[in-house]
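Residue numbers (the numbering used here): 15 to 335.
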């Protein structure tokens, strides 16, 4: 058989192809560079906002935490870890314990209470929409407004709380001036403030549950408590996990209700870490920005640690459907 013939491109076409390959590569690189530049241009406003309100304050806080300051608060000499050592030798342990208790008794009742109410609201009763709206109303109040309301409620002379206790034959309680009661009273106010938001999130989660899943569970005999614990709550685990993480961060940063109701007292019974930072930096004419910045760094580490633990432990039990 004759050998197969090979067809070669004409010299003109071969030279055209070899000449167009580098040009095409340059066009691709130019297009990629243009897209990259456009992407950075669109990100520039966000990067600027983060740099101005996040990165710069964080860097400044770290800088102040290792420097002393004069009477006007300006940074002076480098002191290293002196502010951190002073925290260990002072009353910082009590502040951390108060912060932990405030966070625990603000987050757990608010999340579990909202879950209980949402499960009750799922019952087929008349006026359930009005009840859902009523329970979500606290979300409409600002921290300052809600704190003023609870200041009136806790008033030892004309407050509603002592009025109810008096109708039951119980002596009046100094809600905000008794060191053993002030922290639970502030926690109760914080729970009420967060209740509406938690109910809205969990109600949205319940609405997203497929009706076919619930109906199939009912056909299998799951009703009442069994339906709630075996079907509804596991399917609400993403919303519950979200609320636990967000509520913990919010509790660690809480300031307004403490300042309005107790101002950290009595006898520092409600002085959390955030309020201690405020006292070091601003209260009573203080300007110890170095010590306040060191406590702010510790607060940041605590928040990051709590979030990491929650993601490492709780997220494993989250059922993403």
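Backbone N, C-alpha and C fix where the C-beta goes; we use that ideal spot for every residue, glycine too.
Are the Cβ atoms of residue 261 and residue 288 separated by less than 8 Å? Looking up residue 261 in the chain shown gives position 247. Looking up residue 288 in the chain shown gives position 274. No, Cβ-Cβ distance for residue 261 and residue 288 is not below 8 Å.
For residue 289, which three-state DSSP category applies? In the chain shown, residue 289 corresponds to position 275, counting from 1. Helix, per DSSP.
If you drop the 5 nearest sequence neighbours on each side, which residues of the same chain put their C-beta closer than 6 Å to that of residue 311? Translated into the one-based positions of the chain shown, residue 311 becomes position 297. Hits under 6 Å: 79.
Could you please give me the residues that DSSP links to residue 111 through a beta bridge? Counted from its first residue, the chain shown places residue 111 at position 97. According to DSSP, residue pairing for residue 111 in a beta bridge does not occur.
Nearest candidate by alpha-carbon position, reference residue 184, set 170, 190, 194 and 88: Against the chain shown, residue 184 aligns to sequence position 170. Out of 170, 190, 194 and 88, 170 has the C-alpha closest to the C-alpha of residue 184.
Does the beta-carbon of residue 203 have 16 or more other beta-carbons within 10 angstroms, so that it is buried, or is it exposed? Position 189 of the chain shown, counted from the first residue, corresponds to residue 203. Counting Cβ neighbours within 10 Å, residue 203 comes out buried, since at least 16 surround it.
Is it the case that the segment 289 to 308 contacts the segment 85 to 94, given that we only count it when at least three CB pairs across the two stretches are under 8 Å? yes
Take residue 282 as the anchor and find which of 233, 149 and 107 has the nearest alpha-carbon. On the chain shown, residue 282 is found 268 positions in, with the first residue counted as 1. The shortest CA-to-CA distance from residue 282 to any of 233, 149 and 107 is the one to 107.
Whole-Å CB distance - residue 275 paired with residue 165, under 8 Å assumed: Working through the chain shown from its first residue, we reach residue 275 at position 261. Working through the chain shown from its first residue, we reach residue 165 at position 151. At roughly 6 Å, the Cβ-Cβ gap stays under 8 Å, so residue 275 and residue 165 are in contact.
Just confirm the distance between the C-beta atoms of residue 151 and residue 210, as a whole number of angstroms; I'd bet it's less than 8 Å. Residue numbering aside, residue 151 sits at position 137 when the chain shown is read from its first letter. Residue numbering aside, residue 210 sits at position 196 when the chain shown is read from its first letter. Contact flag correct, Cβ pair sits at about 6 Å.
Integer-rounded CB distance, given that residue 286 should sit under 8 Å from residue 109: For the purposes of this step, residue 109 is identified with residue 95 of the chain shown, where counting begins at 1. For the purposes of this step, residue 286 is identified with residue 272 of the chain shown, where counting begins at 1. So it is a contact: roughly 7 Å between Cβ atoms.
Helix, strand or coil at residue 175 [DSSP, three-state]: As a working note, residue 175 is residue 161 in the chain shown. Here residue 175 sits in helix by DSSP.
For residue 83, which beta-bridge partners are listed by DSSP? Taking the chain shown and counting its residues from 1, the one referred to as residue 83 is at position 69. Answer is 89.
With DSSP collapsed to three states, give me the class of residue 329. Within the chain shown, numbered from 1, the residue matching residue 329 stands at position 315. Here residue 329 sits in helix by DSSP.
Residue 294 in three-state terms, based on DSSP: What you label residue 294 is simply residue 280 of the chain shown in a count that begins at 1. The answer is helix: DSSP assigns residue 294 an H, G or I state.
Proximity below 8 Å, CB of residue 144 to CB of residue 207: Residue 144 sits at position 130 when you count from the first residue of the chain shown. Residue 207 sits at position 193 when you count from the first residue of the chain shown. No, they are not a contact pair.
Given a threshold of 16 other Cβ atoms within 10 Å of its Cβ, counted over all protein chains shown, does residue 94 qualify as buried or as exposed? For the purposes of this step, residue 94 is taken as residue 80 along the chain shown, with counting starting at 1. With fewer than 16 other Cβ atoms within 10 Å, it is exposed.
Quick check on the DSSP output: the alpha helix (DSSP H) that includes residue 239 runs from which residue to which? Taking the chain shown and counting its residues from 1, the one referred to as residue 239 is at position 225. First-last of the alpha helix (DSSP H) with residue 239: 238 to 241.
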